[in-house]
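*Asks:* Got a structure for you, questions after.
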Amino acid sequence: MPFMKSFPEESEIGDVYRFDSFIWHPFGEFSRKLMRGPSPLTPGERELIAGYVSGLNACEFCHGAHTAAAVAFGFPEDLMPKLLDNVDTAPVPEKLRPILKFVKKLTLTPARMVQADADAVFAAGWTEAALHHAIAVAARYNLVNRLIHGHGIGANPDTFRARGAHIAGKTGDNWKENESVLDRQGQEKG
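Residue numbers are given in the working numbering: position 41 of the sequence shown equals residue 56, and the series is strictly consecutive.
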């Protein structure tokens, strides 16, 4: 049950964005560009990072939806529990492992980041742009996870697969739909 009485009982992150579209509309544009724009990371890799960071933060809502999106992009369904259990032994491509270790440390102990963490990513063949995008995805989901928890938004596991397919673009354009809602609300308030 959300903490805000004006939110529907089955709230989701879109309700937070719609609550104050003036603030969140630019965040939607940022999110669309970050998650689906040009990047050294594939959309599936970005969704995997989103689901992983959200799992580390115990944000069931984002973890479930973005894990399902990563699956929709081709990652195995059983990967995320293994990744959360042990990033060193999870069956992920070796090149991706240093990025996942980086975002884990950034999420759990951000003040302890050191040059060696970035160097491990570069040694795996990633560019500075790839690391920048991984950092941005991790930062975005750390923020969104706190928005979810701070507003008291719960998770409905029955919707994860459908939400994941929707996020992955398999059933529509989630980013454009959110933007059109925000545009309408901005016009109503303006």
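Note that CB positions come from ideal geometry on N, CA and C, so glycine has one too.
Buried or exposed for Lys-20, going by 16 or more other Cβ atoms inside 10 Å?
*Replies:* It is exposed - the Cβ of Lys-20 has fewer than 16 other Cβ atoms within 10 Å.
*Asks:* Could you give the DSSP three-state label for Asn-101: helix, strand or coil?
*Replies:* Residue state, collapsed to three classes: coil.
*Asks:* For Pro-53, collect the residues of the same chain with a Cβ closer than 8 Å to its Cβ; drop the 5 residues on either side in sequence, then sort them by chain order.
*Replies:* Nothing meets the Cβ criterion.
*Asks:* Please identify the residue among His-166, Glu-92, Arg-33 and Thr-142 whose C-alpha is closest to the C-alpha of Leu-111.
*Replies:* The option with the nearest alpha carbon to Leu-111 is Thr-142.
*Asks:* Apart from the five residues just before and just after Gln-202, which ones in its own chain have a Cβ nearer than 6 Å to its Cβ?
*Replies:* The predicted position of Gln-202 is uncertain, since its pLDDT is 42 and thus under 50; a value taken from the coordinates is nonetheless stated next. Closer than 6 Å at Cβ, skipping near neighbours: no residue.
*Asks:* Is the Cβ-Cβ distance between Arg-155 and Leu-49 less than 8 Å?
*Replies:* Yes, they are a contact pair.
*Asks:* What is the DSSP secondary structure of Gly-201, counted as helix, strand or coil?
*Replies:* With a pLDDT of 41 at Gly-201, under the threshold of 50, the modelled position of that residue is not reliable, and the figure given next carries that caveat. Correct three-state label for Gly-201: helix.
*Asks:* If we ignore side chains and look at the alpha-carbon of each, how far apart do Gly-43 and Gly-29 end up?
*Replies:* Approximately 10 Å, taken between the alpha carbons.
*Asks:* Taking C-alpha atoms, which residue in Ser-36, Phe-45, His-166 and Leu-94 lies nearest to Asp-63?
*Replies:* Per the sequence shown, residue 63 should be read as Leu rather than Asp. Per the Cα distances, Leu-94.
*Asks:* Candidates Thr-82, Gly-59, Arg-61 and Glu-60: which alpha carbon is nearest Gly-70's?
*Replies:* When each option's Cα is compared against that of Gly-70, the closest is Thr-82.
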